[in-house]
């Protein structure tokens with residue numbers, strides 16, 4: 005920018021010098037023409053140079069503003085991201101701990117039925133679940149038998165789960181949590197005073213002990229599940245596995 009301005013001043017000075025040379029070095033009859041012609045050319049060229057400099061200055065200023073904005077925006081985004089991640093980590097730790105404690109304190113350990121039903125009730129309430137069931141492995145029968153249910157009022161009998169058969173049996177075999185986000189109508193039925201309806205979200209979680217599925221937990225909801233649900237289940241059942249293990253029939 006400084007080079008352009010210097011060039012403009014140089015050109016303008018050169019034009020003035022040429023005018024002066026012609027003005028003082030020509031015949032008297034030519035002085036009038038030179039006097040009017042060259043100043044006009046000088047003024048015209050100077051105006052063009054000024055406009056050119058002004059246009060470049062505006063573009064440069066706009067570019068600098070955009071660069072400054074992008075730099076600030078980038079820094080702000082990075083700072084906000086770091087802050088969000090830190091807050092999320094802290095919140096997740098508190099939420100996991102709080103949910104686990106609330107669920108565990110509400111579990112009734114008097115019998116296997118009371119244990120799983122109270123656990124499912126507490127867990128479903130934490131996840132806004134409308135229905136939940138639990139299966140526990142029976143090693144003698146090589147089946148997962150129903151051991152607890154929450155808000156299940158259907159007359160349809162819940163059959164035992166065989167390893168590798170059906171959706172639940174496949175989860176037990178694969179040893180990986182499954183979340184269904186578009187449950188077919190009639191797959192799950194929730195009955196209330198307003199009639200019956202089908203929740204659209206279902207999570208099936210395999211409880212593992214020494215890399216073997218020992219239980220299946222299913223929770224259904226209309227609203228979907230929060231992120232990091234698997235982490236929550238892992239932490240929760242790490243705490244509950246020693247208690248669940250006591251109910252397994254060898």
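Residue numbers (our numbering): 5 to 254.
Glycine residues also receive a C-beta, built at the ideal position from the N, C-alpha and C atoms.
Nearest in C-alpha terms to residue 101, of all of 241, 201, 246, 124, is 241.
Annotation: the continuous alpha helix (DSSP H) that includes residue 129 extends over 116-130. Residue range 233-249 is occupied by the alpha helix (DSSP H) that includes residue 237, with no beta strand (DSSP E) assigned at that position. When rounded, the separation of the alpha-carbon atoms in residue 220 and residue 172 is 8 Å.
Minimum Cα-Cα distance from residue 238 among the listed residues 202, 180, 184 corresponds to 180.
Distance check between residue 130 and each of 236, 244, 208, 114 places 236 closest, using alpha-carbon atoms only.
Just so you know, the alpha carbons of residue 167 and residue 248 end up roughly 19 Å apart. In this structure, DSSP gives residue 176 a helical state, which the three-state scheme calls helix. A Cβ-Cβ separation of about 5 Å places residue 222 in contact with residue 208 under the 8 Å criterion. If you check the CB distance, residue 148 and residue 141 come in under 8 Å. For residue 167, there is no enclosing beta strand (DSSP E), since its DSSP letter is neither H nor E.
Out of 65, 217, 185, the CA that lies nearest to the CA of residue 177 is found in 217. No residue range can be given for residue 230, since it is assigned to no beta strand (DSSP E) and is classified by DSSP as neither H nor E.
Note on geometry: alpha-carbon atoms of residue 210 and residue 175 lie some 7 Å from one another.
Contact between residue 184 and residue 150 fails: their C-beta atoms lie close to 19 Å from each other, not under 8 Å. At the C-beta level, residue 162 and residue 251 stay beyond 8 Å of one another. Residue 108 holds the alpha-carbon nearest to the alpha-carbon of residue 128 among 108, 189, 170, 160. With a threshold of 16 other beta carbon atoms within 10 Å, residue 153 meets it and is buried.
Boundaries of the beta strand (DSSP E) harbouring residue 149: 147-154, taken from the DSSP string. In this structure, the beta-carbon distance from residue 135 to residue 156 falls below 8 Å. Look at residue 103 here: in three-state DSSP terms it is helix.
It is roughly 16 Å from the alpha-carbon of residue 133 to the alpha-carbon of residue 232. For residue 214, the number of other beta carbons within 10 angstroms of its own is below 16, and it is reported as exposed.
In the DSSP assignment, the residues bridged to residue 142 are 147, 253. For residue 159, the three-state secondary structure derived from DSSP is coil.
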